[in-house]
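Comments concern the structure below.
2 protein chains.
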Amino acid sequence: MVRIGIDVGGTGIQTGVVSSDGKILAEESIVTLTDIPFSDQIVRMTDSVRSVLKSAGMTEDDVELVGVGIPGIASRETGEVIKCTNMGWSHVPFRTEWEKNFPKTVLIENDANVAALAESVAGVSAGSSSSVFITIGTGIGSGIVIDGKIWSGFHGIGGELGHTIMDLDGVPCTCGNHGCLERYCSATALIRMAREAVVDQPDCRILKEVGGDPNRISARTVIDLAREADPLATALYQRWISYLGQAIANVANFLDPEIIVLGGGVSKAGAFLLDAVTEEFPKYVLFRDQLLPEIKLAVLGAKAGIIGAAMLS
Amino acid sequence: MVRIGIDVGGTGIQTGVVSSDGKILAEESIVTLTDIPFSDQIVRMTDSVRSVLKSAGMTEDDVELVGVGIPGIASRETGEVIKCTNMGWSHVPFRTEWEKNFPKTVLIENDANVAALAESVAGVSAGSSSSVFITIGTGIGSGIVIDGKIWSGFHGIGGELGHTIMDLDGVPCTCGNHGCLERYCSATALIRMAREAVVDQPDCRILKEVGGDPNRISARTVIDLAREADPLATALYQRWISYLGQAIANVANFLDPEIIVLGGGVSKAGAFLLDAVTEEFPKYVLFRDQLLPEIKLAVLGAKAGIIGAAMLS
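Residue numbers (the working numbering), protein chains in the order written: chain V, 235 to 547; chain E, 235 to 547.
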């Protein structure tokens, strides 16, 4: 028996046939359409499942279950998607609609949780009993795995590390609050800090790198220049690493998982990122002279969505 | 069969005979002595166990296991107390020494975790599958219960909500860091805010209440005057409630337990506290229009230490 993993994103929907040990046997991608009725979106997804099964030389009968990762929250009990802003879904009966089109059990879960599960089953935290996955990109997402299972909270609203408050009355967040962790630790935060800093330094290398246009500064611009020891980029990077170190320490102080996995676009900075945060975060851990969670970089990348969805249980 | 629960505190050690459903059948207290050798401390404790068993009309043979709550961290595997500042213990072989004096399995756990377990077995969160217990006193302690079991972290250093950072570069903390949550949400924090505020308001009711001596201001001074709608006390209390609300929201956003229990000295403020935080914390939850953790006040008080220790498994 195989499993189907579906990764629903704002621009594309990836569907894969996945073996029970988390290997992708076949996959395909369709473009996300948000201007069609919800029932038609489900038809497109189930069609894609049949198509990818065909390319794997299989049929519905080979499918044990279907897992779906969404950028939002879903109810495990009712199979309803409670909120998924990118898809324009609010309280849609996903499971009911799905079962009209495809006669297999469907499980729905938040995409950061799904990525956390993928890494803990078939990725860098495989074999660990507990892990927290932190995606660092435009925002900060997180997923918790305890005893090999996703913990998305009793009410399904957990895992939102990015919106825990780490600076009282701090920088305004898109969520309406102030001082949310993702305002300090995301790629967006590093970009904001850099744009603020270059105003007073018209001759800096950061600006040269982007042809003098601060709007073209990316997290990578700063990280690459920090790697080359440019003083301004290094100062910005170190400040950002200090914030990220404090965020990781918050996870260690409160939940203390076996492993903390860093994923998302920023994790492509590799050892330069890993070494910096591994050195930084213990400074903020209360019992810093004890054994601490190990920090690792995610290895499954964009495939984590398909693999983790297929591993839901 | 009964269980023995021991609550090791800086001033006294409470020992109780506890039934399997968490009822105290007999108890006694001895004064904590820290100026005697560790092995003598264990002898005093095991003597106290025999004494309390006798007063319950029982013997060693009736004891299933012994649980001990300590204000520090212990290794579940080795039975070693890794750190317990109040008792002057650092890497002491608690279990080994214990078993020389008392021939029953002994389990050791952090005291905030023990209190969390007590409430979830025999207190206000009984029957819940997940809960976070927050003690609000001089500092902020916390304990996590998931699937009916204490989660103190993979390395035993978790549950330290009080030392997660909620204000970057904020108020210095006793732990050496800045901006720790307990600097804003503890009784100590409310006292500090009041002492700072009264400097400019020599005629305020807070100062009148303490005979003009700011050093005599307690959390209760402020809370009682806020209850009477004194403007300065109300402003201080609301600011402190806003901080506590954000701390609770951090727990909801990240872990989302079924129930969040508030204990410790400050929880004696009762409904006045409960109503205020229940109204405040959802403002800072990302999915605030969904079902959220229920906030409850601890009910076991000082007995939680004995009961929770006896419930360890």
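Note that CB positions come from ideal geometry on N, CA and C, so glycine has one too. Since the structure is predicted, the reported quantities are computational estimates derived from the model, not experimental observations.
**OP:** Measure the C-alpha to C-alpha separation of Val-456 of chain V and Tyr-471 of chain V and round it to an integer number of angstroms.
**Re:** 7 Å
Subject >> C-beta neighbour in chain E for Leu-478 of chain V, strict 9 Å >> reply: no
Original post:
Does Phe-328 of chain V have its Cβ less than 9 Å from a Cβ in chain E?
Top reply: no
**OP:** Give me the Cα-Cα distance between Met-235 of chain V and Asn-347 of chain V, rounded to the nearest whole angstrom.
**Re:** 24 Å
Original post:
Cβ of Val-519 of chain V less than 9 Å from any chain E Cβ?
Top reply: yes
Subject >> Cβ shell of Ile-493 of chain E (< 7 Å), same chain only, five flanking positions each side left out >> reply: Ser-359, Ser-362, Ser-365, Pro-527, Glu-528, Lys-530
**OP:** Report the residue from E:Ile-276, E:Gly-244, E:Gly-250, E:Gly-243 whose alpha carbon sits nearest the alpha carbon of Arg-237 of chain E.
**Re:** When each option's Cα is compared against that of Arg-237 of chain E, the closest is E:Gly-250.
Original post:
Going by alpha carbons, who is nearest to Asp-241 of chain V out of V:Ile-264, V:Leu-520, V:Leu-496, V:Ser-254?
Top reply: Asp-241 of chain V has its Cα closest to that of V:Ile-264, out of V:Ile-264, V:Leu-520, V:Leu-496, V:Ser-254.
Subject >> Separation of Thr-268 of chain E from Met-321 of chain E, as counted between CA atoms >> reply: 6 Å
Original post:
In or out: Gln-248 of chain E buried (at least 16 other Cβ within 10 Å) or exposed?
Top reply: buried
Subject >> Whole-number beta carbon distance between Gly-306 of chain V and Gly-239 of chain V, since they are thought to touch under 8 Å >> reply: The Cβ separation is near 17 Å, so there is no contact.
Original post:
Pairing CB atoms from the region 474-490 of chain E with CB atoms from the region 512-523 of chain E, are three or more of them under 8 Å?
Top reply: yes
Subject >> Identified DSSP bridge partners for Gln-248 of chain E >> reply: E:Asp-241, E:Ser-263
Original post:
CA-CA distance, Ser-386 of chain E and Glu-314 of chain E?
Top reply: Here the C-alpha atom of Ser-386 of chain E lies approximately 15 Å from the C-alpha atom of Glu-314 of chain E.
Original post:
Hey, quick one: how far does the alpha helix (DSSP H) through Trp-332 of chain V stretch, first residue to last?
Top reply: 328-335
Subject >> For Trp-385 of chain E, three-class secondary structure by DSSP >> reply: coil
**OP:** Can you give me the Cβ contacts of His-397 of chain E inside the same chain, cut-off strictly under 6 Å, excluding the 5 residues immediately before and after it?
**Re:** Closer than 6 Å at Cβ, skipping near neighbours: Cys-409, Cys-414.
**OP:** Taking the CB atoms as reference points, tell me whether Ala-460 of chain E and Phe-388 of chain E lie closer together than 9 Å.
**Re:** no
**OP:** State buried or exposed for Thr-280 of chain V, treating a residue as buried only when at least 16 other CB atoms are found within 10 Å of its CB.
**Re:** Thr-280 of chain V comes out buried.
**OP:** Specify the secondary structure class of Asp-391 of chain E as computed by DSSP and reduced to three states.
**Re:** Strictly speaking, residue 391 of chain E in this sequence is Ile, with Asp absent from that position. DSSP places Ile-391 of chain E in coil when its eight states are reduced to three.
Original post:
Applying a beta-carbon distance threshold of less than 9 Å, which residues of chain E neighbour Lys-317 of chain V?
Top reply: Phe-521, Asp-523, Gln-524
Original post:
Looking at Ile-475 of chain E and Ala-421 of chain E, is the spacing between their C-beta atoms short of 9 Å?
Top reply: no
**OP:** Name the one or two DSSP bridge partners that Ser-501 of chain V has.
**Re:** DSSP output for Ser-501 of chain V lists no bridge partner at all.
Original post:
Would you call Ile-553 of chain E buried or exposed, if buried means 16 or more other Cβ atoms sit within 10 Å of its Cβ?
Top reply: The question about residue 553 of chain E has no answer here: the residues shown for chain E are numbered 235 through 547.
**OP:** Quick one: list the residues of chain V neighbouring Asn-484 of chain E, beta-carbon separation under 8 Å, in chain order.
**Re:** Thr-398, Ile-399
Original post:
Between Gly-498 of chain V and the rest of its own chain, which residues show a CB-CB distance below 7 Å, the 5 nearest in sequence each way excluded?
Top reply: If you ignore the 5 residues before and after Gly-498 of chain V, its C-beta comes within less than 7 Å of the C-beta of Thr-369, Ile-370, Gly-371, all in its own chain and listed in chain order.
Original post:
Taking Cβ-Cβ distances shorter than 9 Å, what residues in chain V pair up with Glu-394 of chain E?
Top reply: Ala-486, Asn-487, Phe-488, Asp-490, Val-519, Leu-520, Phe-521
Original post:
At which residue ranges does the region 439-485 of chain E contain complete alpha helix (DSSP H) runs of 4 or more residues, listed in the order of the chain?
Top reply: If one requires a minimum length of 4 residues, the alpha helix (DSSP H) runs lying completely within the region 439-485 of chain E are 439-443, 453-461, in chain order.
Subject >> Helix, strand or coil at Gly-539 of chain E [DSSP, three-state] >> reply: helix
Original post:
Pick from V:Ala-483, V:Pro-327, V:Asp-437: whose alpha carbon is nearest that of Asp-464 of chain V?
Top reply: The residue with the shortest Cα to Cα distance from Asp-464 of chain V is V:Asp-437.
**OP:** Counting only the same chain and skipping the five closest in sequence on each side, list residues whose C-beta sits under 7 Å from that of Ser-501 of chain V.
**Re:** Excluding positions up to five away in sequence, the list reads Ile-370, Leu-507, Leu-531, Ala-532.
Original post:
Which same chain residues, not among the five before or five after Glu-443 of chain V, have their C-beta less than 6 Å away from its C-beta?
Top reply: Thr-455
Subject >> Helix, strand or coil at Ile-425 of chain E [DSSP, three-state] >> reply: helix
**OP:** Determine the extent of the alpha helix (DSSP H) in which Thr-398 of chain V is found, giving its start and end residues.
**Re:** Where Thr-398 of chain V is concerned, there is no enclosing alpha helix (DSSP H), given that its DSSP letter is neither H nor E.
**OP:** Specify the secondary structure class of Leu-299 of chain E as computed by DSSP and reduced to three states.
**Re:** strand
Original post:
Can you find a CB in chain E that lies within less than 9 Å of the CB of Cys-438 of chain V?
Top reply: With 9 Å as the cut-off, Cys-438 of chain V does not count as an interface residue toward chain E.
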